[in-house]
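Student: Quick note on numbering: the UniProt record's numbering labels position 61 of the sequence shown as 61, and the sequence is numbered without any gaps. Okay, handing you the structure first.
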Amino acid sequence: MPSRLSEAFKTHPVHLHHRHLDITSLQELPDSYAWSQVDEYSAAAGGPGREDSFVSENVPVIDLHDPNVLQLIGRACKTWGVFQVINHGIPTSLLDKTESISRNLFSLPIQQKLKASRSPDGISGYGFARISSFFAKLMWSEGFTIAGSPLDHFRQLWPQDYANYCDVIEEYDKEMKRLAGRLMWLILGSLGITKRDVKWAGPKGKFKDACSALQLNYYPACPDPDRAMGLAAHTDSTLLTILYQNSTSGLQVLKDGNGWVTVPPIPGGLVVNIGDLLHMISNGSYTSVLHRAVVNRSKDRLSIACLYGPPSGVQISPLPKLVDPSHPPLYRPITWHEYLGTKAKHFNEALSSVRICSPVNGLVDVNDHNNNVKVGYS
Ligand SMILES: C=C1C[C@]23C[C@@]1(O)CC[C@H]2[C@@]12CCC[C@@](C)(C(=O)O1)[C@H]2[C@@H]3C(=O)O
Ligand SMILES: O=C(O)CCC(=O)C(=O)O
Ligand SMILES: [Fe+2]
């Protein structure tokens with residue numbers, strides 16, 4: 001049974017036939033970056049999706065010290081699939097240091113960055129977003145994925161300073177995994193799930209063998225932001241994702257009836273979003289949220305995502321406690337490893353592709369928005 005996340009794309013290599021352009025210095029948007037359908041989903045109230053002119057609700061901000069934290073998280077997961085957390089215990093100094101390394105990385109000359117390129121069948125390294133292969137147009141961003149030790153790639157990027165940088169990234173990864181484990185129990189607790197109900201969480205429920213990857217995203221300032229796309233609409237294949245964003249806004253989530261809603265950066269805050277695997281284990285009670293990143297004319301933007309999942313070879317399926325004759329299991333068992341391959345093949349239709357049955361009342365599962373997502377437009 002394959003168990004290493006880094007092996008997940010060996011059987012589903014992603015080939016991107018794009019030449020790398022240094023987009024940071026461009027004064028005009030090249031045609032290869034000009035999207036024609038940027039404002040899909042935003043016509044709901046007639047206004048342009050990027051201006052939030054019709055937004056009546058905000059993504060919840062939850063203080064992890066709040067005595068009602070469980071209920072607040074449950075409500076946020078049910079209605080939004082995303083929330084921000086404050087008082088999360090991650091030191092600001094660690095967030096600052098990691099942001100500074102990421103900035104340093106993206107400001108290296110393109111030839112230097114290409115020395116640490118991600119290979120078509122690999123998971124780690126520098127390159128376009130993996131989902132780029134589904135779109136005719138390019139995204140206005142650069143990415144660097146870290147799964148496992150960053151040592152080999154960092155040695156290529158910074159022959160002198162790599163050791164210190166590795167230490168910071170490893171500390172960031174460790175702290176994020178700890179927070180993710182804590183958030184998992186709050187989210188599962190809000191569904192009535194206890195440590196005894198999740199065997200793969202390990203004997204003490206510490207998710208000791210959980211897998212994770214870090215995704216550094218950089219969005220340079222863009223000469224024509226209304227026609228460009230930073231990162232196209234997608235759901236994450238994770239249990240949950242914890243996102244640090246710098247002070248430039250750009251992250252948007254799709255909310256029924258509200259169109260695209262901006263998740264504003266808040267000082268010291270972290271964004272938490274539900275991924276497809278949590279959608280599956282909750283049997284559709286909690287929704288994996290469709291999100292994207294838009295870009296800015298005057299400011300660049302940086303984000304750091306911790307993509308958190310189960311041990312990559314463990315079979316994930318709707319938790320037995322959430323299944324009964326009137327709530328049959330909606331998804332077939334699948335490992336994270338296998339699901340990443342499915343995502344590489346089917347992109348936003350991956351979740352529907354592992355669905356096994358319709359709800360008993362015959363209605364379409366309102367959470368299964370992925371049925372409506374267009375794949376491969378420009
Ligand atoms: C573990 C992973 C999730 C991810 C693919 C990856 O192997 C590492 C990068 C992740 C990311 C980040 C940007 C959006 C996304 C869809 C992508 O193309 O790469 C996600 C992938 C995912 O969640 O499926
Ligand atoms: O940059 C952002 O705000 C979004 C990044 C993201 O969605 C991801 O890395 O999966
Ligand atoms: Fe994402």
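From the three backbone atoms N, C-alpha and C, an ideal C-beta is built for every residue, glycine too. Remember, predicted model here, so these are calculated numbers, not experimental data.
Counting only the same chain and skipping the five closest in sequence on each side, list residues whose C-beta sits under 7 Å from that of F106.
Tutor: Closer than 7 Å at Cβ, skipping near neighbours: E142 and Y218.
Student: In whole angstroms, what separates the C-alpha of S53 from that of K174?
Tutor: Residue placement at S53 is flagged as unreliable, the pLDDT there being 46, under the threshold of 50; the coordinate-derived value follows with that caveat. Each residue's Cα considered, the two are about 39 Å apart.
Student: On the CB-based measure, 16 or more other CB atoms within 10 Å of its CB, does residue 399 come out buried or exposed?
Tutor: A question about residue 399 goes unanswered here, because the residues of the chain that appear run from 1 up to 378.
Student: Is the Cβ of Y286 closer than 8 Å to any Cβ of chain D?
Tutor: This model lacks chain D altogether; it includes just one protein chain.
Student: Are there 16 or more other CB atoms within 10 angstroms of the CB of L21, so buried, or fewer, so exposed?
Tutor: Exposed, by the Cβ-count rule.
Student: Please name the residue, chosen from I146, R130 and F134, that lies closest to S212 on a Cα-to-Cα basis.
Tutor: Cα-wise, what sits closest to S212 is I146.
Student: Could you give the first and the last residue of the continuous beta strand (DSSP E) run that contains G341?
Tutor: Element bounds for G341: not the beta strand (DSSP E) but the alpha helix (DSSP H), W336 to H346.
Student: Return yes when the C-beta of H234 is under 7 Å from any heavy atom of ligand 1, and no when it is not.
Tutor: Answer for H234: yes, Cβ within range of ligand 1.
Student: Tell me which same chain residues have a C-beta within less than 8 Å of the C-beta of V253, skipping the five on either side of it?
Tutor: Excluding positions up to five away in sequence, the list reads V59, W80, G81, V82, W260, V261, V263, N273, V289, L290 and H291.
Student: How big is the Cα-Cα spacing for D256 and K78?
Tutor: D256 and K78: Cα-Cα distance of roughly 12 Å.
Student: On the CB-based measure, 16 or more other CB atoms within 10 Å of its CB, does R297 come out buried or exposed?
Tutor: By the neighbour-count rule (16 or more Cβ atoms within 10 Å), R297 is not buried but exposed.
Student: Taking contact to mean 3 or more Cβ pairs, one atom from each stretch, closer than 8 Å, check whether the segment 242-250 and the segment 294-314 are in contact.
Tutor: The segment 242-250 vs the segment 294-314: in contact.
Student: Determine the closest residue to L114 out of D121, G122 and H153, with distance taken between C-alpha atoms.
Tutor: Ranking D121, G122 and H153 by Cα distance to L114 puts H153 first.
Student: Tell me whether V215 counts as near ligand 1, meaning its Cβ is closer than 7 Å to at least one heavy atom of that ligand.
Tutor: A small fix is needed here, since residue 215 is Gln in this sequence, not Val. Checking every heavy atom of ligand 1 against the Cβ of Q215, one is found closer than 7 Å.
Student: Can you tell me where the alpha helix (DSSP H) with A350 in it begins and where it stops?
Tutor: Unbroken alpha helix (DSSP H) run through A350: A350 to S353.
Student: Residues in its own chain within less than 6 Å of Y308 by CB, not counting five upstream and five downstream?
Tutor: Correct list, in chain order: A180, S212, T238, L239 and L240.
Student: Considering Cα atoms alone, identify which of L151, Y286 and K343 is closest to T11.
Tutor: Nearest C-alpha to T11: K343.
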